[in-house]
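Report on the following structure.
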Amino acid sequence: MRIAVCMKAVVEPEARIELSAAGELQRSELRYELNEYDLYAVEEAIRANEAHDAEVTVVSLGTEDVVQSLRKGLAMGATNAVHIKTDDDLADSAASAAVLAEALRARQPDLVLAGVESDDLGGSQVGVLLAERLGYNCATMTIGVEIPGPDAKEVKVRRELEGGNYLDIEVALPAVLTIQTGINEPRYPTLKGIMASKRKELVEMTPAELGFGQLPAARVETVELSYPPPRELARMLEGGPDEMVAELLRLLREEEKVL
Amino acid sequence: MSVEIWCIAEHRGGVLDADTLQLLGAARKLGGTAVAVVCAADPAPLAEQLSTSADKVIALRHEALSDFTPGGYAQAIAPLARERQPGAILMLHSHFLGRDLGPLLASRLETGLISDCTELGWDEGLVGWRLVYRRKLLAKQKAAGAPPHMATCQRGAFMPAEASDSPGEIENLEAAIEADSLGWKVLGFEEAEVGDEDITEAEVIVVGGRGVGDQETFDSMRELTKLLGGALASTRPVVDQGWADRGLQIGSSGKTVRPRLYIGMGVSGAIQHVVGMRESDVIVAVNKDARAPIFEYADYGMVADLKEILQRLVEQLREMRG
Ligand SMILES: Cc1cc2nc3c(=O)[nH]c(=O)nc-3n(C[C@H](O)[C@H](O)[C@H](O)COP(=O)(O)OP(=O)(O)OC[C@H]3O[C@@H](n4cnc5c(N)ncnc54)[C@H](O)[C@@H]3O)c2cc1C
């Protein structure tokens, strides 16, 4: 069984995001890390590798910023890695899916896993669009996967619905599943894993090598970035912790009458 | 006649998801004809219900639409959308329709989908505004290419359409679906876990977010809940870490609560959490980051280390109670 995991390097959650005078994102200032949702996807693939001897390829599209995330996937136990090099993030989901599909097509994975969304842009589209490009079935919001065996023709998928309800479905392979946090407990790479990852294959390719003379046109363009309009903030309590807590308890008791 | 805006109705088990009316509200706000599109094995009751708020209802019927499958919905809607060319197609950014069907339909229609919009407009095509980079920036996005353009709408972002005196006309159509080609077989549905305590009943809720840092600190918050006579609850990452049971999770994929007092500690205020708590009467937030979005929803805020606040809350409440 062949499994591919799509990973994205996202802007660090704590990052301070600044716009230039022209309203452009100051990318050079930003640091990137592996998208949290994708971490769970990698773990799920590695578990399948352990159970069914699956080959796991981690794939990422982006600048040099993604290499660290690919290395992490290898250190966790992925078999090999593919880096599709671009000069910039492809902010458009359809373009990203088109390029990823060409990189995966030759490998013919039985199962492709990806995070449900990216932590920074949160479009939650690439998995589904990729499945369409490859002609695969697809399910999003996966919180459980049962792979019956190495030659599985279908997988049982537990999808999470709103309100924490679940829908169990059977999806015929080949398929793309998008993975939600909490499906497993991602492992930390061990020293041994990190050492072993250095000998693993990390293939670099460009969109041009995949047949894209120019990058696919965006279906959604970002025309403007701005700071969200300020909203009314909470009444912020002042002073040291003792004073803040005393004042809070007074307010809750005397003004709000909830204590 | 103004341009048609199709709003895909969300429903399960014969019950309409009332937030569908927000789509119709968004369609009216865009100045379009608000058309509800309902796909079901027996769409008549839902169509009737929608007709009181929509200008028009398209009811697509087929046996294979008895369960939601993205393939079934896409096969029902795509050919009709190609033929009639509505100006835009809207759906909720829900787990059911928004995430599975939205991108699938956009792909089949070769059009752009703007995700999780909080505002919509026209500018030679559909434009949508959405919060990105953890709500630190607002992006204005535009769908490229020929219509119908698509968008998913954040729950709660648009006012629901009001019911009108003259119900919209209902058009009944039989969908053409190849049931063998759906790729999904629905096996069953299971209700969310409730857990030992039902947090939706509590009048006071103390919530630990990822900022609590470890199991021990999360557990130590029980002291505070005992003193307040309330319940302990959490955000999703705390459940994912295994520090709390799933039944304690507040948010879009957990419980919706409306206590008299909500105290959040180490909670950043992501929209998926906020939708489950913003109706609370009094909201208190403790976060070490003054820019955390939770302060936009709170009545009282403290920029501090939660451990220091937790300890003092326990001490001072003990004193107060004698
Ligand atoms: C489809 C979907 C459904 C989801 N459903 C839910 C849901 O139902 N419920 C939910 O909660 N989330 C849900 N999420 C996840 C959601 O997007 C956020 O990731 C999550 O709410 C963040 O939880 P948090 O605030 O605990 O953690 P973080 O966002 O990591 O925030 C931690 C906060 O703690 C603060 N902090 C750290 N240390 C301290 C300290 N010592 N003292 C004080 N403050 C400190 C930090 O400044 C930060 O603001 C969902 C996501 C998706 C994609």
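Read top to bottom, the protein sequences are chains R and L.
Each residue of the first sequence is one higher than the one before, counting from 1 in the numbering used here.
Each residue of the second sequence is one higher than the one before, counting from 1001 in the numbering used here.
The C-beta atom is built at its ideal place from N, Cα and C for all residues, glycine as well.
Just grab the DSSP bridge partners of R:THR222 for me. Walking along the first sequence from the start, residue 222 of chain R turns up at place 222. Per DSSP, L:GLN1141.
For a cutoff of 8 Å on Cβ pairs, would you count R:ARG71 as touching chain L? For the purposes of this step, residue 71 of chain R is taken as the residue at position 71 of the first sequence. No - not a single Cβ of chain L is within 8 Å of the one on R:ARG71.
Decide yes or no for the touch test of the region 1223-1232 of chain L against the region 1282-1291 of chain L: beta carbon pairs closer than 8 Å, at least 3 of them. no
Between the CA atoms of R:MET7 and R:LEU111 - distance to the nearest angstrom: Here residue 111 of chain R refers to the residue found at position 111 when the first sequence is read from its first residue. Here residue 7 of chain R refers to the residue found at position 7 when the first sequence is read from its first residue. Cα-Cα distance, rounded: 14 Å.
From the DSSP output, which residues share a beta bridge with L:VAL1206? Working through the second sequence from its first residue, we reach residue 1206 of chain L at position 206. For L:VAL1206, which the question treats as bridged, DSSP gives the partners L:LEU1232 and L:ILE1263.
What are the boundary residues of the alpha helix (DSSP H) that R:ILE46 is part of? As a first step, residue 46 of chain R must be located in the first sequence, where it is residue number 46. Looking at the DSSP string, the run of the alpha helix (DSSP H) that includes R:ILE46 is 36-52.
Closest by C-alpha distance to L:LEU1261, when choosing among L:LEU1187, L:GLU1203 and L:ILE1271: Position 261 of the second sequence, counting from 1, holds the residue named residue 1261 of chain L. Closest option to L:LEU1261, Cα to Cα, is L:GLU1203.
Can you tell me whether L:GLN1049 sits near ligand 1, meaning its C-beta is under 7 Å from at least one heavy atom of the ligand? As a working note, residue 1049 of chain L is residue 49 in the second sequence. It does not: the Cβ of L:GLN1049 is nowhere closer than 7 Å to a heavy atom of ligand 1.
Just verifying my parser: in three-state terms, what is the DSSP assignment at L:ASP1281? Position 281 of the second sequence, counting from 1, holds the residue named residue 1281 of chain L. Of the three classes helix, strand and coil, the one that applies to L:ASP1281 here is coil, per DSSP.
How about L:LEU1306: is its Cβ closer than 7 Å to a heavy atom in ligand 1? What you label residue 1306 of chain L is simply residue 306 of the second sequence in a count that begins at 1. Flag set: Cβ of L:LEU1306 near ligand 1.
First through last residue of the beta strand (DSSP E) which encompasses L:SER1115: Position 115 of the second sequence, counted from the start, is the residue given in the question as residue 1115 of chain L. L:SER1115 -> beta strand (DSSP E) spans 1113-1117.
Excluding sequence positions up to five away, which residues of its chain have a Cβ less than 6 Å from the Cβ of L:ARG1278? The count along the second sequence starts at 1 and reaches residue 1278 of chain L at position 278. Closer than 6 Å at the Cβ level, and outside the excluded window around L:ARG1278, lie TYR1297.
Between L:LEU1317 and chain R, is the shortest Cβ-Cβ distance under 8 Å, so that the two count as touching? Counting from 1 along the second sequence, the entry for residue 1317 of chain L is found at position 317. Yes, its Cβ sits closer than 8 Å to a Cβ of chain R.
Closest Cβ-Cβ distance between L:ASP1245 and chain R: below 8 Å? By one-based count along the second sequence, residue 1245 of chain L stands at place 245. Chain R contact via Cβ: absent.
For R:VAL66, three-class secondary structure by DSSP: On the first sequence, residue 66 of chain R is found 66 positions in, with the first residue counted as 1. Helix, per DSSP.
Closer than 8 Å at the beta carbon, the chain R residues around L:ALA1304: What you label residue 1304 of chain L is simply residue 304 of the second sequence in a count that begins at 1. Per Cβ cutoff of 8 Å: PRO241 and MET244.
For L:GLU1162, three-class secondary structure by DSSP: Reading the second sequence from its first residue, position 162 is the one you call residue 1162 of chain L. L:GLU1162 falls in the coil class under three-state DSSP.
Quick one: is R:ASP168 near chain L, going by C-beta distance under 8 Å? The residue you call residue 168 of chain R lines up with position 168 of the first sequence. Yes, contact with chain L.
Could you list which residues in chain L have their beta carbon closer than 9 Å to that of R:GLN265, in chain order? Residue 265 of chain R lies beyond the range of chain R shown here (1 to 259); nothing can be said about it.
Quick one: residues in its chain with C-beta nearer than 8 Å to the C-beta of L:ARG1082, no 5 flanking neighbours on either side, listed in chain order? Counting from 1 along the second sequence, the entry for residue 1082 of chain L is found at position 82. Excluding sequence neighbours, L:ARG1082 sits near LEU1109.
Residue-level contact to chain L via CB, R:THR142, 8 Å cutoff: By 1-based counting over the first sequence, the position of residue 142 of chain R is 142. With 8 Å as the cut-off, R:THR142 does not count as an interface residue toward chain L.
Which of the three DSSP states, helix, strand or coil, is assigned to R:SER60? Walking along the first sequence from the start, residue 60 of chain R turns up at place 60. Three-state DSSP puts R:SER60 in a strand.
Count the CB pairs spanning the region 1125-1145 of chain L and the region 170-183 of chain R that are closer than 8 Å, and state whether there are at least three. no
Using a Cβ-Cβ cut-off of 8 Å, state whether L:TYR1073 counts as contacting chain R. Mapped onto the second sequence, residue 1073 of chain L falls at position 73. Taking Cβ atoms only, chain R never reaches closer than 8 Å to L:TYR1073, which makes this a no.
Through-space distance from L:ASP1245 to R:SER124, alpha-carbon basis: Locating residue 124 of chain R in the first sequence gives position 124, where the first residue counts as 1. Locating residue 1245 of chain L in the second sequence gives position 245, where the first residue counts as 1. Using only the alpha carbons, I get a separation of about 26 Å.
Could you list which residues in chain L have their beta carbon closer than 7 Å to that of R:GLU256, in chain order? As a first step, residue 256 of chain R must be located in the first sequence, where it is residue number 256. VAL1282, listed in chain order.
How about the region 1160-1175 of chain L and the region 238-257 of chain R: do they share at least three Cβ pairs that are nearer than 8 Å? no
I'd like to confirm something about L:VAL1238: is its beta-carbon nearer than 7 Å to some heavy atom of ligand 2, or not? Ligands in the displayed structure: ligand 1; ligand 2 is not one of them.
Three-way DSSP call (helix, strand, coil) for R:MET244 in this model: In the first sequence, counting from the first residue as 1, residue 244 of chain R sits at position 244. Here R:MET244 sits in helix by DSSP.
Give, in chain order, every residue of the region 114-127 of chain R whose Cβ lies closer than 9 Å to some Cβ of chain L. VAL116, GLU117, ASP119, ASP120, LEU121, GLY122, GLY123, SER124, GLN125, VAL126 and GLY127
Would you say the beta carbon of L:ARG1210 is closer than 7 Å to some non-hydrogen atom of ligand 1? Counting from one through the second sequence, the residue named residue 1210 of chain L turns up at place 210. Indeed, a heavy atom of ligand 1 lies less than 7 Å from the Cβ.
L:GLY1266 and L:ARG1210 closer than 8 Å at C-beta: As a working mapping, residue 1266 of chain L is identified with position 266 in the second sequence. As a working mapping, residue 1210 of chain L is identified with position 210 in the second sequence. For L:GLY1266 and L:ARG1210, yes; Cβs fall inside 8 Å.
Leaving aside the five residues before and after L:THR1052 along the sequence, list all residues of the same chain whose C-beta is less than 6 Å from its C-beta, in chain order. To locate residue 1052 of chain L, count along the second sequence from 1; it is residue 52. Correct list, in chain order: ALA1163 and PRO1167.
Contacting residues, own chain, Cβ-Cβ under 8 Å from R:LEU134 (five flanking each side not counted): Sequence index remark: in the first sequence, residue 134 of chain R carries index 134 (1-based). These residues qualify, in order along the chain: ALA101, LEU104, ARG105, VAL112, PRO174 and VAL176.
At the 8 Å Cβ level, is L:GLU1191 part of the contact set with chain R, yes or no? By one-based count along the second sequence, residue 1191 of chain L stands at place 191. Answer yes: the Cβ-Cβ gap between L:GLU1191 and chain R drops below 8 Å somewhere.
Using the Cα positions of L:GLN1085 and R:ILE3, report the straight-line distance between them to the nearest angstrom. Here residue 1085 of chain L refers to the residue found at position 85 of the second sequence. Here residue 3 of chain R refers to the residue found at position 3 of the first sequence. The alpha-carbon atoms of L:GLN1085 and R:ILE3 are separated by roughly 39 Å.
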